[in-house]
Structures are given as C-alpha cells and as structure tokens.
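To keep things clear, I will list the structure first and then write my remarks on it.
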Amino acid sequence: MNVRRDIRFRVYLAFSGICVLGLAIIVKAALIQAKDGASLRARAQSMSVRTDTIFAERGNIYTEDGTMLCSTIPQFDVHLDMAVIKKDTFYKHIDTLAYKLSELFRDASAAQYKSDLTKAYKDSARYYELGTKIPYDKYLVLRTFPIFNKGARRGGMIVSTRNTRDNPYGFLALQTVGKYQPAIWRDKKLVRNVKGLEAMYDSILSGKNGWYLSQRIAPTKWASIEGSRIEAQNGKDIVTTIDIGIQNIAEHALLDALRQYNCWNGTCIVMEVSTGKIRAMANLGTDIDKQSPYSEDKNYALTLAEPGSTFKIVTLLSLLKDGLINVEDNVNCYGGQRQFAFRVMHDSHHGLGVMPIKNAYAQSSNVAMGSLAYEHYYKEPERFIKHIKELHLNSKTGIDLFGESKAIVTEPHEKNLWNAATLPWLATGYGVMVTPLHTCMIYNAVANNGRLMKPYLVSSIREYGREVKRIEPTVLEESVASKEVISQLRKCTEEVVLSGTGKHIQSPYYKIAGKTGTAQVCDKGIPYSARVYQGSFVGYFPADNPKYTMIVVIRTKKNSGSYYGGTIAAPVFRMVADKIFANGQGVWKGGPVDSFSKTPDKGIVAHTTTVFNQQTLLNAINLKSEWNERAGSMAAVKTDSSHRVVLASRKVVQNLVPDVVGMSLKDAVYVLERQGLKVRVMGAGVIQSQSLVPGSAVRKGQIIIIQLS
1 MNVRRDIRFR VYLAFSGICV LGLAIIVKAA LIQAKDGASL RARAQSMSVR
51 TDTIFAERGN IYTEDGTMLC STIPQFDVHL DMAVIKKDTF YKHIDTLAYK
101 LSELFRDASA AQYKSDLTKA YKDSARYYEL GTKIPYDKYL VLRTFPIFNK
151 GARRGGMIVS TRNTRDNPYG FLALQTVGKY QPAIWRDKKL VRNVKGLEAM
201 YDSILSGKNG WYLSQRIAPT KWASIEGSRI EAQNGKDIVT TIDIGIQNIA
251 EHALLDALRQ YNCWNGTCIV MEVSTGKIRA MANLGTDIDK QSPYSEDKNY
301 ALTLAEPGST FKIVTLLSLL KDGLINVEDN VNCYGGQRQF AFRVMHDSHH
351 GLGVMPIKNA YAQSSNVAMG SLAYEHYYKE PERFIKHIKE LHLNSKTGID
401 LFGESKAIVT EPHEKNLWNA ATLPWLATGY GVMVTPLHTC MIYNAVANNG
451 RLMKPYLVSS IREYGREVKR IEPTVLEESV ASKEVISQLR KCTEEVVLSG
501 TGKHIQSPYY KIAGKTGTAQ VCDKGIPYSA RVYQGSFVGY FPADNPKYTM
551 IVVIRTKKNS GSYYGGTIAA PVFRMVADKI FANGQGVWKG GPVDSFSKTP
601 DKGIVAHTTT VFNQQTLLNA INLKSEWNER AGSMAAVKTD SSHRVVLASR
651 KVVQNLVPDV VGMSLKDAVY VLERQGLKVR VMGAGVIQSQ SLVPGSAVRK
701 GQIIIIQLS
C-alpha cells in the first residue's frame, strides 16, 4: 500500500507540475501577445518582407537654347565572381577578353589584364574588382565581351549602378549652376553640400522617391510583391537664362585679367537690359597669399563690399530727382582735394578745377560728388538716404540664389557710425555695402529708361520636355526717375567713355556707356594698410540702344601695383562686349554678325553669315575681298592657297545636307534642323567636321553628328 500511495503521490505531483507549467506558458503567451505582439510581428515580417526604394531621377538644368548645364548620368561598378565561370570557357576566351579590356579602358596592357584575371580565377575570387564608375557607353560595350556576354550566372559579372551628377562644362558657371552632392552624415548631422541653382530649386529637381515590397523566396533571393509598387516621380527640369557662349566669354576674359595682374578674385555679370535675365555670372578666385590656380570657389557676385565710384550714379540720381542740379552746371573740384569736417578727401589725380558736373563725373572726381552731396544734403541727410532706399539698395536683389547678402547703408540715426564726414564719403561709395549685382541692377535701370528690373536666373520649369511654368520678368520699380533725369544720367555715363576714365575702351563700331570705380578694401580682417583694392567697371552697350548691362569687379592682392578700375576691369568689359557684339548679339547696320578670329596656319576663320556682314568684318580689320552675289546670300571667310582672304559661298538647298563646317553651333543647328535633321553635338567651339556628306539627300529625322573644335 505504501508503494502504491507513493507512486500515486508522484503521479499527482508530476501532473500538477505539468498543469502549472502549461498555465504559466499560457499566461506568458498572453502577456507577450498583449504587450510585445505588435513589435514581434513587425520583426518577423521584416525578416521575410522588406521595403525597397525606387529612386527618382533628378531633373536636368538647361540653357534657353537647349544646352545642358547639368544632368544625372548612370555609372557602373563591375566586379567578377570567378567561381561561376567554367574552366574551359575562361581559358578559351581569356586572351581575347584581355585584349578587349585593354582597348576599352586603356589603363593597362593586354598581358597585364590576362595576368591579373588568371590569378583571380585560380584563387576563385568571388568579388574581383574590374572597374568602378564606368560610363554607360563603356558598360554597354563591356557586356558584349567574351565570357561577360553569357550573363551573370555563367559570365560572373556583378554590376551595381550609381547615379552621378555631371556638369559637362566643368567649372564654367559652377557657383551659379551649383554642384549637387548626396547628403552625408557628419558629426551626427545629415549634411548636404549643394550650392547655386541646384540648392535653390532642389525640391523641383529632386522629385519624389517611390517604393515597393519584396518578399524573401530563398535565403539570398527576394521577389517583388505584385501590386505593392508606388512609382517614383522624377524631378522636373529647369531652364536657366544663362547663355553658355556669353558665360564662356566672360570667364575667359576675367581669367586673363586675374592672371595678368595677379589679382585675388573677380566677378563678371552680364544682364539683359529689358528683362533682367542674367546671361552670364562668372566668379573666379584664388588664395590671397598663394599662387594657386583660379576656380569658381565662391559667388563674388553676391558678396558685399564698398563699391567706390560706381556708386556716384546714385548721388547724381538723387540730386537730379530733387531738382538741385543739371549735369551741365559747373562744380568746383578744388584741385582734387577738400576737407570735410575732420577728414580730407582726395581725387585719384589732382589738378581738376571748375567744370561741368558730367565732366567731373566722367573724371571720377570724389571731391566734386562729395561737395554736391555735402552742400545739398548736409542739413537733411535723410533725403539722400531715402533715394538710396527707393533704389532697393538697403535690401536683397531677390535673385533666385541662396547666399545673397542684404545691402547695408549707414544712416544718420546710427550715432556710433554717422559723423560730420559720413555724407560726402557715402556719396562717393564708402559707408555703404552692396553686392556687384546691386550695382549692375542700378545701371541696368538707367539703360532701361528708368525701369528697375529684378535679376533672375531661371526662365521656365519643364516636365518631360513640356513647359509647366514660365517665369516672367519682374519690374521692381516702373520708373526710378523721370525721363529727363534718366537722359542726363545717360549723358554722364556716355561721357565717361568719350572723355573720362573709360575713354581707352571706346569702340569704333558701337557705343559704350558706364563708370569706373576704385575702392580701397577694409574687410574680413584686411586693414587699409594692406593696400587691397577693388577695381570695377559697370556699364551698358550699345549705348544708343542698350541690350546688355555688364559689371566687372576685380579685387587685387596685397600691395598690388595695378588696381584702378579703368586699368584692370574696364578692358575686361570691352573684351566681353566686343565678343558678344561680334557674335551677333549686338546690332550692326545690315543685321547681326558672327564672330571671327585668327588661328595659326589657318588664316581667318569666320562663322557663316550674310555677305554684307562678312564684308563689314573684313573692313574692320582692313582686309578686302570681292563678292558679286546678292548681299543677302550666305558666305564664310576663308583663305585660299595664296593666303588671300576670300568669301566662300554657303548655299543651302532644300532636301540636301548643307555644309556647316566652320559655322557656329547656333547657326549650324538652325540650318540643319530646318532641313529636318536631328543634330548630335560633340566638343565645343567652331564646327570641324560633320558625319553626313554635304550635298547628299536628306532623310527626315536622320541623325547628323557634328564635331566641334
């Protein structure tokens, strides 16, 4: 009995334990279900289902004529899994493959490729690096090579794609267009180093990413779940106001001057008078103490500085609007030296006496402008400040770029800054901080008969080639002054180039109007004793019918020997203006003309245009050529075997491929597309060759490739 009772006790004990354990499991499961169920289910789901991103394609940036300034292009990283390539396949094709790789990449000999690939194959390398950042065209060729053309499973190619942002013109307009870079983590913060239009229009260019769900179907394989895909919305394209030809001219002319005078930095802005469109914005700089190469390192067009004498037009405008002067009135320059309160003002050259105000302006007399402001506004300086503010010189220009600085004007209520000598110095461009773009905007208003335009850089937004938004010119002030005042101001700016500090940049073919400026710099830790100067020239052309306003501002290095605006900046203005005008942007009698240049061993090379215009060009450089065909026919300047200049006929016959060699790109595209051809362009400059033979029959939609120099 005792044994039976003992067995029964043990059975009951075991059963009770099992029941308690089961109950504990049920309770624990309930607690887990209630408390941690959601997170655990999500964790299990994530191990078998994942969300994959469909990245949106970033929009492109174009000029108004369709030139691409920035685009997203695919690049490929290619690795090889040697373990999947069969032995007989590898050794049968290795020689051919090595040769083709050497020809494609040109970074190693065929023997070197064969040696490296053979070693990797013997080691059964599973992730051998063949190349990174391979362009799309080379990747397409690579896929056709022996072994690789057998597909990923037998050919061993492991390909990963990366999208890169490409600026085909390099640093040309880089600060304006911007350089897009994906965001990176730095010091536990997500940082994106984007500038220019890329930053300003990031939300439009970037689009919106899509996504889809994938389910695990094998340890290393995933398949998308049908019906779960949300497509990406690609970014829109923006069309800028930049003219790549004018931008190129501006950058090269500015670079030449910076190198010639060993300057620190500079900017050149070209604005279309009637609209405010920025056609070029060149910014070049280097280290102030070193001989490092120049690059687009900062947007100097939007950097504040005291403008110097270019600000004198504001002084004249104020005096004229208040009816206090006429530019034909006389003003005393006091020999180029006069004391105001406790300071003595000097002209850059002494000896000027009594003369008409327009001539004093042309000679850039500080004393004359300081005296006029002092005599008329000393008791009421607020009146002068009011005119400055009416020109929007106490705010930003509003251009569509980040990083613009607000202009700063010293005012009478600032007792710690304003004193008895502030007003005359303010009248000559000191005590006010503006950007070169501000100054350009004011002179543009004078050229535009008083209408003050807001400068802007984007003219439209497109989606898949269709315009979805047009950005129209914005008028900030319908008239900054009366027609009579503007007329007098234009007389003054024209006098600067006729007889004043800018007379050395006169052109015999069109009129220039503007103003030189030279200001000693004292900012960013640079004392006046360092003798750093800012030389500038701002103006418009052709003066009798202005089309473009331009400003050139160049900052010298320490103790520079050349620093006057008329010396370092005005020649850049003339060089850019000449090339713009000769390229057909100006107006010659008989119509626009194209550019011409001399090249070694090739004589004169000219773009195709009318005979009348070519003869005008030849006369300008004292070269003669006879031509008997009608004046409206097309011709190009060439040299014959005797090195004589001749005008060669350029006839365009309907349905026949025209000869466009020697033309400018703009002219060639126009002529070819009129014939129904689709143009593909390689290179930059003047056209050197074309893929279709001139005179052959045209097939509508046929592609023609034109190679530029």
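For the sequence shown, the UniProt record's numbering assigns the number 1 to the initial residue and increments by one for each residue that follows.
Glycine is no exception: its CB is placed at the ideal position from the N, C-alpha and C atoms.
Exercise. Which runs of the beta strand (DSSP E), 3 residues or longer, sit entirely within the region 311-382?
Worked result: 330-332, 337-340, 343-346, 354-356
Problem set entry | Option in Tyr91, Leu130, Phe90, Asp123 with minimal Cα separation from Ala108 | Measuring from the Cα of Ala108, the nearest candidate turns out to be Leu130.
Exercise. What number of angstroms, rounded off, separates the C-alpha of Thr474 from the C-alpha of Ser405?
Worked result: Rounded to the nearest angstrom, the two C-alpha atoms are 20 Å apart.
Exercise. Around the C-beta of Asp36, are 16 or more other C-beta atoms found within 10 angstroms, so that it is buried, or is it exposed?
Worked result: exposed
Exercise. Does DSSP put His438 in a helix, a strand or coil?
Worked result: helix
For this session: Report the option in Glu57, Lys579, Trp418 whose CA atom is closest to the CA atom of Asp237.
Result: For Asp237, the closest of Glu57, Lys579, Trp418 by C-alpha to C-alpha distance is Glu57.
Problem set entry | Contacting residues, own chain, Cβ-Cβ under 7 Å from Lys503 (five flanking each side not counted) | Val497
For this session: State the beta-bridge partners of Ser224 as determined by DSSP.
Result: Ser214
Exercise. Just reading off the beta strand (DSSP E) that Gly539 is part of, what are its end residues?
Worked result: 533-541
Exercise. Between the C-alpha atoms of Asn655 and Asn583, what's the straight-line distance to the nearest angstrom?
Worked result: Approximately 28 Å, taken between the alpha carbons.
For this session: Can you say whether Tyr563 is buried or exposed, counting buried as having 16 or more other CB atoms within 10 angstroms of its CB?
Result: buried
Problem set entry | Beta-carbon gap between Met165 and Gln75 smaller than 8 Å | Contrary to the premise, residue 165 reads as Arg rather than Met in this sequence. No, the pair does not count as a contact, with Cβ atoms beyond the cut-off.
Problem set entry | Host alpha helix (DSSP H) of His413 (start-end) | Looking at the DSSP string, His413 is not in any alpha helix (DSSP H), and its letter there is neither H nor E.
Exercise. Considering only C-alpha positions, which residue in the set Pro542, Lys119, Phe311, Ile357 is nearest to residue 715?
Worked result: Since the displayed the chain opens at 1 and closes at 709, residue 715 lies outside it and no answer follows.
For this session: Would you mind stating whether Ala373 and Thr501 have Cβ atoms separated by less than 8 Å?
Result: no
For this session: Using a threshold of 8 Å, state whether the C-beta atoms of Leu304 and Met433 are closer than that.
Result: yes
Exercise. Any idea what DSSP makes of Ser696, helix, strand or coil?
Worked result: coil
For this session: Taking 8 Å as the cut-off, decide whether the C-beta atoms of Leu174 and Glu64 are in contact.
Result: no
Problem set entry | Span of the alpha helix (DSSP H), counted from its first residue to its last, around Phe9 | 2-35
For this session: With DSSP as the reference, please indicate the residues paired to Thr72 in a beta bridge.
Result: Arg165
For this session: Identify every residue that forms a DSSP beta bridge with Leu656.
Result: Ala697
Exercise. Taking C-beta to C-beta, are Ala282 and Thr267 nearer than 8 Å?
Worked result: yes
For this session: For Ala250, I'd like the list of residues in its chain whose CB is within less than 7 Å of its CB, leaving aside the five on either flank, ordered along the chain.
Result: Cys268, Val270, Ala280, Ala282, Val576
For this session: With a cut-off of 8 Å on the beta carbons, I'd call Ile225 and Gln215 a contact; round off their distance for me.
Result: 5 Å
For this session: Assuming Ala569 and Phe537 form a contact by the criterion Cβ under 8 Å, report the distance between their Cβ atoms to the nearest whole angstrom.
Result: 4 Å
Problem set entry | Contact check, Ser102 vs Tyr113, beta carbons under 8 Å | Yes, these two residues count as a Cβ contact at 8 Å.
For this session: From the DSSP output, read off the bridge partner residues of Val553.
Result: According to DSSP, Val553 bridges with Thr267, Ser536.
Exercise. What is the DSSP secondary structure of Met200, counted as helix, strand or coil?
Worked result: helix
Problem set entry | Those residues which DSSP pairs with Val521 across a bridge | The partner list for Val521 (beta bridge, DSSP) is empty, contrary to what the question assumes.
Exercise. If you check the beta carbons only, do Thr132 and Asp77 fall under 8 Å apart?
Worked result: yes
For this session: Quick one: using the 10 Å Cβ neighbour count with 16 as the cut-off for buried, is Phe55 buried or exposed?
Result: Around the beta carbon of Phe55, fewer than 16 other beta carbons lie within 10 angstroms, which makes this residue exposed.
Problem set entry | For Phe311, the nearest candidate out of Thr518, Pro546, Gln675 (CA to CA) | Thr518
Exercise. Expressed to the nearest angstrom, what Euclidean distance is found between the alpha-carbon atoms of Arg4 and Phe15?
Worked result: A straight-line Cα-Cα distance of about 16 Å links Arg4 and Phe15.
For this session: Could you tell me which of Gly17, Gly59, Pro571 sits nearest to Gln506, measuring between CA atoms?
Result: Pro571
Problem set entry | Check whether Gln337 and Val344 have beta carbons under 8 Å apart | Contact: yes.
Exercise. With respect to the beta strand (DSSP E) encompassing Met682, which residues constitute its N-terminal and C-terminal limits?
Worked result: 678-682
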